[in-house]
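The sequence shown lines up with residues 1 to 182 when you count with our numbering.
We treat Cβ as the ideally placed atom computed from N, Cα and C, and that holds for glycine.
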Amino acid sequence: MSQLDLRVVAFTDPQAQQLVSELHTDQLTRYPRADPPEENPADYQAPDGLFVLLLVDGRAVGCGGYRRHDATTGEIKRMYLHPAYRGHGYGRRILHRLEAHGRASGASTVILETGIRNIAAIGLYRSAGYQAIPSYAHSRDRRINRAYAKTLHPETEASWPPCVPAVMSPADPCRNPEPAQT
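As structure tokens, this is what we get:
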């Protein structure tokens, strides 16, 4: 079993920046252009923002950010997982942690974007309850860009097991594509 550590870091953390750079490179292999890796670090600072780093057996392999979009909406950005670690529920752990921060900071909705060629991410977002919405970034190529939103419901989300640092096992609830029905 792997030892997981999902920790809050500054957006400027060197390990976080390495993963953001890998994300940028990954996007450029899929699309003719990609958002530059530079961001305003203040967007990811508490109380409204958050940036997390996922370490597996001490190695930084994934990241994701949350920032305030408006008074009731948060935006998930910079979700990335090193290819060798995909398909094991790690991305779901990052996503769940970002959503939990959104709920705790008062957001009732979270939004995010991805590209049409990022099939794994689209599958993750749909299985986590995200619904397709019109693009909210007007400069995006609508043939490529896909935007999604999810309403955060504290009463239904409370039954979803928390994805916190732990030892991952095959029975880990964060590996399941859907929350358990109660």
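G62 - containing beta strand (DSSP E), residue span = R59 to D70
ask   = For the candidate residues R97, H101, V8 and R30, whose alpha-carbon lies nearest to that of I119?
value = For the residues R97, H101, V8 and R30, the minimum Cα distance to I119 belongs to R30.
query = Near H101, what residues of its chain come up, given a Cβ to Cβ distance below 7 angstroms and the 5 sequence neighbours on each side ignored?
reply = L50 and Y66, listed in sequence order.
message = Please report the straight-line C-alpha distance between Q45 and A10, rounded to a whole angstrom.
response = 7 angstroms
ask   = With a Cβ-Cβ cutoff of 8 angstroms, do R146 and L124 count as a contact?
value = In this structure, L124 does not lie closer than 8 angstroms to R146 by Cβ.
request  = Within 10 angstroms of the Cβ of T182, are there 16 or more other Cβ atoms? Answer buried if so, exposed if not.
outcome  = Confidence in T182 is poor, its pLDDT being 28 and thus under 50, which makes the residue's placement too unreliable to answer from.
key: Residues near T109 by beta carbon distance below 6 angstroms, same chain, minus five either side   = T73, A149 and T151
Own chain, CB closer than 8 angstroms to I144, minus 5 neighbours either side, in chain order = Y31, G115, I116 and R117
task = Determine the direct distance from the alpha carbon of L98 to that of E157, and round the result to whole angstroms.
result = Because the pLDDT at E157 is just 46, under 50, the model does not fix this residue reliably, and the point stays unresolved.
inquiry  = List, from N- to C-terminal side, the alpha helix (DSSP H) runs of 4 residues or more that fit wholly inside the region 81–140.
reply    = 90–104 and 119–127
ask   = To which residues of the same chain is G129 closer than 6 angstroms at the C-beta, ignoring the five residues directly before and after it?
value = K150
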